[in-house]
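Participant: One structure, as structure tokens, below. Some questions next.
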Amino acid sequence: MTTEDDSRPVRRRVTLTGISSRAWEHPADKGALSALRELRGFDDVVKTFFGMWNERGFRLMFLAGGIRVDHRQYPRVYQRFTEAAAALDVPDLPELYVTQDPRINGQAIGLDRPFIALTTGAVEKLDDDELRALLGHELGHVRSGHAVYKTIMTILTSWAANLSWLPVGAIALRGIIAAMLEWWRKAELSADRAGLLAGQDPAASLRLLMKLAGGGDLSQIDTAAFLEQAAEYEGGGDLRDSIHKIGLTAWNSHPVPVARAAELRKWIDSGEYARILGGDYPHRDGDGDASVSEDVKAAAKAYREDFTTSQDPLVTLVRRFGGGAADLAGSAAGKAYNWASDAARRGRGDNGGEGTPDA
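Structure follows, in structure tokens:
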């Protein structure tokens, strides 16, 4: 079992009192969540519809086959858990389980009472700072409400497999799953930011991603070289590599580790991380006043910026010959917002009104 290296300076973590999950959510993630939250009662409908997959069954599976973490069982993990929760100002700790699996992994599961599960690989291969970042990552999922939609996605994926013999049903479900996977990849970037805010150690967050890519031994791995890999992955090769990258990501719930490292580094370099630690962040008591239209505009802007700055060969070619292709993402985000707004108005019985409604 690893422990904190005494040679490292003890870091004093800032408690981000009252912080809203909006502080760490990636614009594309935030836009999707805001649109869904604008549909009054959407979460309740979803939870009712999927009630036949009682989350008690999920919880019992871990209660029966894992170790529930507290001050008596895996006390080191529990201590890191409370530290991550304190930094993110999470007053009520979700249940936490450890299950037998040599791979480094964690997940947030559930609808009404989400809980978190870590693997023994994470416990054994991560030092305290890296473990704190991973636990903060999962707490970020819970606080953003990701666990609800991830559980839905898991069930839909199972449906798609069971309905593979029915072409129409399978195609429809796969379309929904593909859209949810694109959103989930952005949700993972959000959770990486939450993990960084929980641990407040950029080096540890990057080491965590390096260990996800290459295992637990970092004695022969260099952070700068790892980030160089990320740059080569983003812009290297030719159109054939671009096609392969689409295949690598289209049906995956997580971005590849080098891409996650590059995105986290970009977020740090933007100054957002330092600004939040300095106390400039949205608070939970203001969530009700958050503007859906602004969130969706920010999502569209993020997609446009990604398109404009991407060094991927295929994107570069489309940008060169596609004219206004950079506006496609913004147009799609706008249509998604209009759909959500119209549905929300119908749900409230509102037949008109000028302007764009806020959540």
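Just so you know, we're using the numbering used here here: the sequence shown kicks off at 29 and counts up by one. Backbone N, C-alpha and C fix where the C-beta goes; we use that ideal spot for every residue, glycine too. Computed from a predicted structure; not experimentally measured.
1) Skipping 5 residues on each side, what residues in its chain have a beta carbon closer than 6 Å to that of A290?
2) State yes or no: is the C-beta of S298 within less than 8 Å of the C-beta of H54?
3) Using a Cβ-Cβ cut-off of 8 Å (strictly less than) and excluding sequence neighbours within five positions of Y125, which residues of its own chain qualify?
4) Would you call the segment 214-229 and the segment 152-166 in contact, with 3 or more CB pairs under 8 Å?
5) Our contact map puts T148 next to P130 with C-beta atoms below 8 Å; I'd like the distance itself, whole angstroms only.
6) Pull up the distance between the alpha-carbon of G134 and that of H169, whole angstroms please.
7) Taking 8 Å as the cut-off, decide whether the C-beta atoms of L237 and R288 are in contact.
8) Helix, strand or coil: which one does DSSP assign to Y365?
9) So, for F305: in the same chain, excluding its five sequence neighbours on each side, which residues have a beta-carbon less than 6 Å away from its beta-carbon?
10) By alpha-carbon positions, which one of V286, S48 and E216 ends up nearest to E166?
11) From what residue to what residue does the beta strand (DSSP E) around H132 run?
12) Is it the case that the Cβ atoms of I137 and A175 are separated by a distance below 8 Å?
13) Please report the distance separating the alpha-carbon of D157 from that of P230.
14) Quick one: Cα of K214 to Cα of R312, how far?
15) Can you tell me which residues form a DSSP beta bridge with Y125?
16) Can you tell me whether I249 is helix, strand or coil according to DSSP?
17) Could you check what DSSP says for H54 in three-state terms: helix, strand or coil?
18) How is I47 classed by DSSP in three states: helix, strand or coil?
19) Look up H311 in the DSSP assignment and say whether it is helix, strand or coil.
20) With a threshold of 7 Å on Cβ separation, who are the neighbours of P310 within its own chain once the five nearest residues in sequence on each side are excluded?
21) Of the residues L154, K153, W211 and D155, which one's Cα is nearest the Cα of G173?
22) Would you kindly report the start and end of the unbroken alpha helix (DSSP H) that includes S281?
23) Have a look at V286 and Y261 and give me their C-alpha separation to the nearest angstrom.
24) Which whole-angstrom value is the C-beta distance of G242 and K153, which I expect to be below 8 Å?
Facilitator: The relevant details are as follows:
1) Same-chain partners within the cutoff: A258.
2) Cβ distance not < 8 Å, so S298 and H54 don't count as in contact.
3) So the list reads F90, L91, G94, I95, R96, V97, F143, I144, A145 and L146, once near-sequence residues are dropped.
4) Yes, the segment 214-229 is in contact with the segment 152-166.
5) Indeed they touch by this definition, with Cβ atoms about 7 Å apart.
6) Here the alpha carbons of H169 and G134 stand approximately 11 Å from one another.
7) The Cβ atoms of L237 and R288 lie closer than 8 Å to each other.
8) Residue placement at Y365 is poorly supported in this model, since its pLDDT is 46, which falls under 50; the coordinates still yield a value, given next. Y365: helix per DSSP, three-state reduction.
9) In the sequence as presented, Phe is not what sits at residue 305; that position holds Leu. Close CB contacts of L305 within its chain, under the 6 Å cut and outside five residues either way in sequence, are with V42 (chain order).
10) For E166, the nearest C-alpha among the options comes from E216.
11) Strictly speaking, residue 132 in this sequence is Ile, with His absent from that position. For I132, no beta strand (DSSP E) encloses it, and the DSSP letter there is neither H nor E.
12) Closer than 8 Å, so yes.
13) Going by the C-alpha atoms only, they are around 10 Å apart.
14) Straight through space, the alpha carbons of R312 and K214 are spaced by roughly 21 Å.
15) Residue pairing of Y125 in beta bridges, as defined by DSSP: R96 and A145.
16) In the structure shown, the three-state DSSP call for I249 is coil.
17) H54 falls in the coil class under three-state DSSP.
18) When secondary structure is reduced to three states using DSSP, I47 falls in the strand class.
19) Per DSSP, reduced to three states, the secondary structure at H311 is strand.
20) Spatial neighbours of P310 in its own chain (CB-CB distance under 7 Å, excluding positions within 5 residues in sequence) are listed in chain order as S48, R50 and A51.
21) When the alpha-carbon of G173 is set against those of L154, K153, W211 and D155, the nearest one is in W211.
22) In the DSSP annotation of this structure, S281 is not part of any alpha helix (DSSP H), being labelled neither H nor E.
23) Taking the straight line from one Cα to the other gives about 8 Å.
24) The beta carbons of G242 and K153 sit about 11 Å from each other, so the pair does not count as a contact at 8 Å.
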